[in-house]
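Report on the structure given below.
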Amino acid sequence: MPAAAWERFARRRLTPDEVVLLAAEGEGFTWWDPLLLVTHRRVVDARDWPFIGWRTVREVPAQSVIGAELWGRALWWGSVIIRLRDGGRIRVRSKRGGVSRGLVDGLNRLIAGGR
């Protein structure tokens, strides 16, 4: 994903030494834009609300992530699902298959110890 889509959020919400490793902008059935950022410290699920700006919906430490998958491609929509150690999950809908697949594959490689 181009940095311009998430760099405003990163400048305001991440620490100066935090490195964004992966990013994907999702699209829901709603009028706000979801964003998934994976840094070396955490995974952030955020939304850009009209008139309010960026808000973090959920944030988890990187150590609590156990995997990711791209689920269900019905009617051009799919979901990026990030599975957590506590049994929870973070889900963002997306119709950008290539970007979503890149985030899922990249996150699973990072978890396995790769780059």
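With the first letter of the sequence shown counted as 1, position 94 gets the number 94 in UniProt numbering; the numbers rise by one all the way through. Positions of the beta carbon are idealized from the N, C-alpha and C atoms, including for glycine. Treat the numbers as computed from the prediction; the structure is a model and nothing was measured.
CB of residue i within 8 Å of CB of residue j, strictly
i, j, result
"A62", "I82", "no"
"W71", "S64", "no"
"S100", "A24", "yes"
"W49", "R13", "no"
"L21", "L110", "yes"
"L36", "V104", "no"
"residue 150", "G26", "This structure cannot speak to residue 150, because the chain is shown only from 1 to 115."
Buried versus exposed, by CB contacts within 10 Å (16 or more), residue i
i, result
"H40", "exposed"
"V44", "buried"
"V57", "exposed"
"I90", "buried"
"V38", "buried"
"F9", "buried"
Check: residue i C-beta below 7 Å from any heavy atom of the ligand GTP
i, result
"T15", "In terms of ligand content, the structure shown is empty, and the ligand GTP therefore cannot be addressed."
Element boundaries [beta strand (DSSP E), containing residue i]
i, result
"R12", "R12 -> not in any beta strand (DSSP E); alpha helix (DSSP H) instead, spanning E7 to R13."
Beta-bridge partners of residue i, as assigned by DSSP
i, result
"S79", "W71 and R93"
"L84", "V65"
Minimum length 3: unbroken beta strand (DSSP E) runs contained in the stretch 18-62: 20-25, 33-39, 42-49 and 53-61
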